[in-house]
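Heads up: the structure comes next, in structure tokens.
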Amino acid sequence: MNNKVKLSDFIVSYLVSEGITDAFMIVGGGAMHLNDSFGRNPKMKYYCNHHEQASAMAAEGYARLKNKIGLCVVTTGPGGANTINGLAGSWLDSIPVLYISGQVKLETTIGNSKLRQVGLQELPIVEIVKPITKYAVMVTKAEDIKYHLQKALYIAKSGRPGPVWLDIPLDIQSSFIEPEKIKSFDEKELAKDPGEIASAKEKISKVADLLKKSKRPVIIAGNGIRLSGAREEFLKLIEKINVPVVTATNAHDLIPSSHPLFFGRPGLFGERVGNFVVANSDLLITIGSQLSIWTVTFGYKTFAREAFHVRVDIDENELNKKTIKQDITICLDAKDFIEEINKEIKKNDLPNYIDWLKYCKKLKRKYPVVLPRYKKQKRYVNSYFFVDVLSDAMKDNEVVVVGNGTAFTCTFQSMKLKKNQRLIGNVNHASMGYDLPASIGACIANNKKQVVCITGDGSIQMNIQELETIKFNKLPIKVFLINNNGYLAIRNTQDSFFKSHYVGTDFKSGVDFPDILKVAKAYGIPAIRIKNQRNLKEKIKDVLSKAGPMICEIMMDPRQPLIPKVSSFVRPDGKLISKPMEDMYPFLEREEFYENM
């Protein structure tokens, strides 16, 4: 009896058996056997993008929403090279994605020689991506495919999640194997030390004691909480201990904005309340956040300087970061920490922190991001007011995906998140062009339910071809495009540091953008333009009520400031100085500022 199976068929069947049933891909000669196998298995759905960068970003957006492994399949040479921008985002934000690339025949690879190329379109993609993957390997023996596939999937989700890469030469793809006779991966090779939790227990007990003594505790909640599957346990914990919570930049959707213990989003473009709360804390507990510059700001040397800082992270390298003061570090999965601290704490053991909570609530009322004057604006649409109106119009459980620039800044600062809503952005890599592809991935992950995409006139240009993917697949993605005549965030930088000498940020300084209504018409997608705030609420609701994809252009004042923000300035000697995170621009009167400290 012949039990042999084509290797490319085995890959697809194995992925399906692991619950990975959606792939984002572009076909190519170097992946032709893989392409054929993905198209033959009825349990595998594949979605074809129009650029490999978009496939990578779609797989990442899919993985974020599902909290499971995303899948991207590309060809050799430019196929692999084009994915790197998307790969970098999944690496820096700890998103598990499996990248599979085709490669030239094994005998026409450069091997260990110093040649640049032998095979047509050959590129040593494994060596290129190794620094930004958890595992990257070329499969050089057909009988090793099961081992490498199992190992890659295990590594992608274990410890700190992240991307993995398998490069498969054409002649390996077309090989035949006997699945029952080939080597498997044993998780014991990389198994965690069972003593990890035991060794952390003493420190966790110390944290419980610190909570009993603290007068002004704060928790910074990071995306590691969601990645570890501990969101519900976390919400129960904070309600039990009654401690104020702020969210790191990648984790704003962990907790509804209306939650009584939520006190803002600290950071570079954060909320005043979040920055003041962190600055005034005497005990700061950070769970599952890498505390990037987005959160700790460029003034990181003064970050939470009055607080005793407890930091919990699964990545030991993060705990050795030199930019942040850390008093107790606990190398542990967020879920394990939350379970253990919950055992240590009895509800009646802790203070009620009533004065501290009163202070936090006062600041939350006093410093909204969306100011009353924004709502009275006559010309253009204020971007913060737009996000506020959109927030009100959206329903529980809906998904928002944002690009970079103004769309990211305003949305992450002011979106009022409701129960189980998701807010997705390419946070640490901060790539323009992320919005459309990630919306596609999120929409597929969300069973093709409506997704709101917020982008800018600059960002959408980076992957504008994906409008065709949206149209072809009939995805109900509502694209809100903020038009501020170019790159507003960079114009603001040029205002601050170069005396408004603009370079490459608008039409007058060398860059132009097409009429999006004409572009939408070419793609066969309905589109409207909103020029001012008259009847804005009704217009937004109308867009959201439509079936299928739609584009809504929001005309924003090209000179609108993005505030509040933590600012920097250049001294006469050229040195760049950053303000502490609590002293945000526009600066408060000094009397008012000191009252808050």
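Counting from 1, position 518 in the sequence shown corresponds to residue 518 in our numbering; the numbering is continuous, with no gaps. Each residue gets a CB set at the ideal place from its N, CA and C atoms; glycine is no exception. Predicted model only: the values in this text are computed from it and were never measured.
- Linking E318 to Y384 through their CA atoms gives a straight-line distance of about 33 Å.
- S214 places its beta carbon less than 8 Å from that of D282.
- In this model, K43 and V245 are separated by some 42 Å (Cα to Cα).
- Within the stretch 302-360, the beta strand (DSSP E) runs of at least 3 residues that lie entirely inside it are, in chain order, 308-313 and 328-331.
- Per DSSP, the unbroken beta strand (DSSP E) holding S578 starts and ends at L576 to S578.
- DSSP lists no beta-bridge partner residue for C443.
- With respect to G61, A438 sits close: the two C-beta atoms are nearer than 8 Å.
- In this structure, N67 places its C-beta atom within 8 Å of the C-beta atom of R226.
- Here A221 really is in contact with F234; their C-beta atoms are around 7 Å apart, less than 8 Å.
- Short of 8 Å from the beta carbon of Q560, and not among the five residues preceding or following it, lie these beta carbons of its own chain, in chain order: Y380, N382, S383, N484 and L488.
- Counting C-beta atoms within 10 angstroms of its own C-beta, F497 has fewer than 16 neighbours from the protein chains shown and is therefore classed as exposed.
- If you check the CB distance, D167 and S101 come in under 8 Å.
- Counting along the chain, the unbroken alpha helix (DSSP H) around E233 starts and ends at R231 to I241.
- Per DSSP, the beta bridge partners of W165 are Y99 and A136.
- Look at G456 here: in three-state DSSP terms it is strand.
- For G30, the closest alpha carbon among the candidates A522, R373 and I172 is that of I172.
- By the 16-neighbour rule on beta-carbons within 10 angstroms, E340 is buried.
- Taking C-alpha positions only, F507 is separated from I530 by approximately 21 Å.
- If you compare the alpha carbons of R265, M415 and E306 with that of T295, the shortest gap goes to R265.
- Bounds of the beta strand (DSSP E) holding T247 are V245 to T247.
- For T406, the uninterrupted alpha helix (DSSP H) run begins and ends at T406 to S414, by DSSP.
- Residues of the same chain with a CB within less than 6 Å of the CB of V126, apart from the 5 flanking positions on each side, are A136, M138 and D167 in chain order.
- Ranked by Cα distance from I354, the options M394, P217, F408 and N532 are led by P217.
- Y594 sits away from S567, with the two beta carbons spaced by 8 Å or more.
- Here the stretch 101-119 makes no contact with the stretch 149-158; the two share fewer than three CB pairs at distances below 8 Å.
- Judged by their CB atoms, A58 and P96 are not nearer to each other than the 8 Å cut-off.
- Fewer than three pairs of CB atoms, one per stretch, sit closer than 8 Å, so the stretch 182-202 makes no contact with the stretch 19-30.
- Between the stretch 518-527 and the stretch 455-470 there are three or more C-beta pairs closer than 8 Å, enough to call the two in contact.
- Considering only K114, V400, R311 and G111, the residue with the shortest C-alpha distance to N446 is V400.
- Under the DSSP assignment, T295 falls in the alpha helix (DSSP H) whose first and last residues are I293 to V296.
- By the criterion of at least three beta-carbon pairs nearer than 8 Å, the stretch 319-333 is not in contact with the stretch 255-275.
- DSSP places N420 outside both helix and strand once states are collapsed to three, so it counts as coil.
- Contact between the stretch 545-552 and the stretch 474-482 is present, with at least three C-beta pairs closer than 8 Å.
- Per DSSP, the unbroken beta strand (DSSP E) holding S568 starts and ends at S568 to V570.
- Inclusion of N41 and S13 in the CB contact set at 8 Å is warranted, their separation being smaller than that value.
- N342 sits away from N242, with the two beta carbons spaced by 8 Å or more.
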